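Residue numbers (my numbering): 288 to 533. C-beta atoms are modelled at their ideal positions from N, C-alpha and C, and glycine is treated no differently. Because the structure is a prediction, the values reported are computed rather than measured. Since the structure comes first, as structure tokens, the remarks are kept for the end.
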């Protein structure tokens, strides 16, 4: 009964899960604007350590998603917004360590992005909410997988944990790493990560344009990624570069 309730709430969350990152970044910008600091500590050195640790956590989550997307089988859910899709069951590569590596990556990535706001409270809150949200979304998806691949899923789920990765049992990925698919799926997430860093810095400066030069590197990186994202979007829309990639 409990699993059924989780899956039912997960179905609604599945359809809006793409908006969660936007909410996290906006919330972080508001906090950064009011706190005007990069960390929760009293000293600059400790706050610098907090910033780089937060960035490392966010990047680690993004890398988990990049690796998972690159090795995943074609015809799986990916960025589907309406309903789960699965041409086959992913059980190798990252999926041999945890059944939902994409959501593990999201939880870690979103937590790091929240921590970049400078607030440990916001980081902890986003971590908790992310676990609650993606536990439900993953439960909904797994109910779909059970109906599609009943025997294979049962065998896989017996040995591989749901959201907390195990440290053994790695199976070589069934398919080679596919860079084009990785770019198609994950370029927006990387853009959002740099956007968060840039926006938080802008917020701490009181949205004062005259202070752009203080951290020009981050703004330059954001402009570069914005151009790359635009090119990828145009290729997706007007060419066949990503046409055969789900």
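Whole-angstrom distance between residue j and residue i, CA atom to CA atom
i	j	result
residue 324	residue 336	13 Å
residue 311	residue 415	13 Å
residue 237	residue 332	For the chain, the structure presents residues 288 to 533; residue 237 sits outside this window and is missing.
residue 288	residue 363	Confidence is the limiting factor: at residue 288 the pLDDT is only 46, short of 50, which leaves the residue's position unreliable, though a coordinate-based value still follows. So the alpha carbons of these two residues sit roughly 27 Å apart.
residue 302	residue 475	18 Å
residue 313	residue 431	32 Å
residue 351	residue 473	11 Å
residue 496	residue 483	17 Å
residue 434	residue 317	43 Å
residue 378	residue 298	23 Å
residue 356	residue 441	23 Å
residue 246	residue 438	For the chain, the structure presents residues 288 to 533; residue 246 sits outside this window and is missing.
residue 478	residue 526	22 Å
residue 383	residue 371	20 Å
residue 381	residue 462	12 Å
residue 334	residue 488	14 Å
residue 444	residue 407	34 Å
residue 360	residue 500	44 Å
residue 411	residue 373	33 Å
residue 451	residue 492	38 Å
residue 512	residue 521	14 Å
residue 294	residue 413	21 Å
residue 453	residue 385	7 Å
residue 296	residue 446	26 Å
residue 547	residue 309	Residue 547 lies beyond the stretch modelled for the chain, which goes from 288 to 533, so this question has no answer here.
residue 529	residue 330	48 Å
Closest Cα partner of residue i within the set the options
i	options	result
residue 401	448, 465, 512 and 319	319
residue 467	418, 519 and 525	519
residue 535	298, 470, 498 and 361	Nothing about residue 535 can be read from this structure; the chain reaches only from 288 to 533.
residue 417	392, 403, 406 and 440	392
residue 307	344, 489, 292 and 390	390
residue 321	494, 529 and 499	494
residue 387	371, 406, 448 and 405	448
residue 345	403, 354, 381 and 361	403
residue 436	354, 293, 383 and 375	375
residue 485	304, 327, 409 and 315	315
residue 342	465, 358, 413 and 480	480
residue 409	327, 299, 361 and 358	327
residue 353	309, 465, 444 and 293	465
residue 300	411, 419, 330 and 329	419
residue 339	405, 293 and 498	405
residue 304	428, 453 and 517	428
In DSSP terms, what residue i is bridged to
i	result
residue 373	363
residue 380	458
Short CB-CB distance (under 9 Å) between residue i and chain C
i	result
residue 494	Note that chain C does not occur in the displayed structure, where there is just one protein chain.
Considering only residues of the region 432-457, which uninterrupted alpha helix (DSSP H) runs meet the minimum length of 4 residues and lie entirely inside it, listed in chain order?
Every alpha helix (DSSP H) of 4 residues or more that sits fully in the region 432-457 is shown, in chain order, as 437-446.
With a threshold of 8 Å, are at least 3 pairs of Cβ atoms found where one atom belongs to the region 396-412 and the other to the region 456-468?
The region 456-468 and the region 396-412 do not touch, with fewer than three beta-carbon pairs separated by less than 8 Å.
Indicate whether the contact test is met: 3 or more Cβ pairs, each with one atom in the region 495-513 and one in the region 420-434, closer than 8 Å.
Touching, no.
Minimum length 4: unbroken alpha helix (DSSP H) runs contained in the region 464-497:
Entirely contained in the region 464-497, the alpha helix (DSSP H) runs reaching 4 residues are, in chain order, 466-491.
Taking only runs that begin and end inside the region 387-437, name each unbroken beta strand (DSSP E) of 3 or more residues, in chain order.
Entirely contained in the region 387-437, not one beta strand (DSSP E) run reaches 3 residues.
Scan the region 299-366 and note each continuous alpha helix (DSSP H) run of 4 residues or more that stays entirely inside, going in chain order.
307-322 and 331-358, all fully within the region 299-366.
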